[in-house]
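Heads up: the sequence shown begins at 8 in our numbering, then just goes up one per residue. Glycine residues also receive a C-beta, built at the ideal position from the N, C-alpha and C atoms. None of these values were measured; they are calculated from a predicted model. Working notes for the structure below.
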Amino acid sequence: MTVPLTDEEIQAFHDRGYLVLRNVFDDDELETLRTEADRILELLVNSSLANDRTSGRLVLAEDESGTQHVRKVQPVSDLSLTIAEVSDDERFVAPIRTLVSDDPVLLEEKLNYKQPLPESVPLATTCRSTAWPVHNDWAYYRRDGYPRSLVWSAVCLDDCTGDNGPIHVWPGSHVRHLPHRDTDEGPAVPPDEINYKGGVDVTATAGSVILFHSLLVHNSRHNDSGRPRRLLLYSHYPEGEYEGYFDQRNAPIRYEESAWESEYRRMMWAGEFEDRFEAPDTR
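So, in structure tokens, the structure goes:
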């Protein structure tokens, strides 16, 4: 059931740049989404092993202790009918419609796993941490001409706590776009533009949805908890503010990787490869 935003919630979003909607998804729905996250992870790791190349959807990190982590998978909606259907769920699409005063159109989607693996897999890692730099998302989207009124929605598949690398935001920083500099991890707000010691953690229980403006400055720490911190993320833009092709950022990845995933399935059917990776039990 869709619950309309209160005047206080609307004002809070416009003042702070983010809003937490508690208990949007129930336990059964969460179990389904977690199962899908495990299935997608198994698909991409096993297809990568079968093809002797790391999938372009899959980003792995290895920290200083040598522990391997799944950082993110992007894009994902073409891998899961369930995840594709959630992107239109009125329980968070309706609040976005209220906040942007227009019909929201899906731009892209991803799964940020921040998930440690009990055993490393022989695939390339491109990061040393599951942390994300201090940035706003419009620093990426502005290059493709998307409007700054984009809103992200993060569905919490796990509890987001202080020790597992929650989203960390600088409330009110969405009122203007802060300059970014290119770094090895992507565009980042330099420390002379914002107090790196400021901001607040956005903690939330599994099933909650975090909405935040594309100009909101945020980052996250490395996940040191030993538990996954999976966020299913969607971005939507107001329909009337952009007329381009909505999937231009991710369509090339979907096109290229689907061929490799098909080859993996062919190898499985032909008995040329057997799955070697199983998603760890996170219950």
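Inset, instruction - Measure the Cβ-Cβ separation of histidine 187 and leucine 222 and say whether it is below 7 Å. - result: no
Inset, instruction - Verify whether the separation of the beta carbon atoms of glycine 206 and valine 176 is less than 7 Å. - result: yes
Legend entry - Beta carbon of valine 224 nearer than 7 Å to that of asparagine 143: yes
Inset, instruction - Could you confirm whether any beta carbon from chain D is found closer than 7 Å to the beta carbon of proline 197? - result: No chain D is part of this structure, which consists of one protein chain only.
Legend entry - Short Cβ contact (7 Å threshold) for arginine 78 with glycine 172: no
Legend entry - Per DSSP, cross-strand counterpart(s) of glutamine 255: DSSP, once it has assigned bridges, lists no residue as partnering glutamine 255.
Inset, instruction - Could you pull the start and end residues of the alpha helix (DSSP H) that arginine 41 belongs to? - result: 34 to 58
Inset, instruction - Determine, using beta carbons only, whether glutamate 49 and alanine 211 come nearer to each other than 7 Å. - result: no
Legend entry - Under 7 Å between C-beta atoms of threonine 9 and alanine 101: yes
Inset, instruction - With DSSP as the reference, label threonine 105 as helix, strand or coil. - result: helix
Inset, instruction - Can you tell me which of the three DSSP states aspartate 22 falls into? - result: helix
Inset, instruction - Can you say whether asparagine 53 is buried or exposed, counting buried as having 16 or more other CB atoms within 10 angstroms of its CB? - result: buried
Legend entry - Selected residue, minimal CA-CA separation from threonine 39, among Tyr25, Gln18 and Cys163: Cys163
Inset, instruction - Measure the CB-CB distance between tryptophan 139 and asparagine 226 and report whether it falls below 7 Å. - result: yes
Legend entry - the segment 243 to 254 / the segment 184 to 200 touching (three or more Cβ pairs under 8 Å): no
Legend entry - Three-state secondary structure (DSSP) of leucine 65: strand
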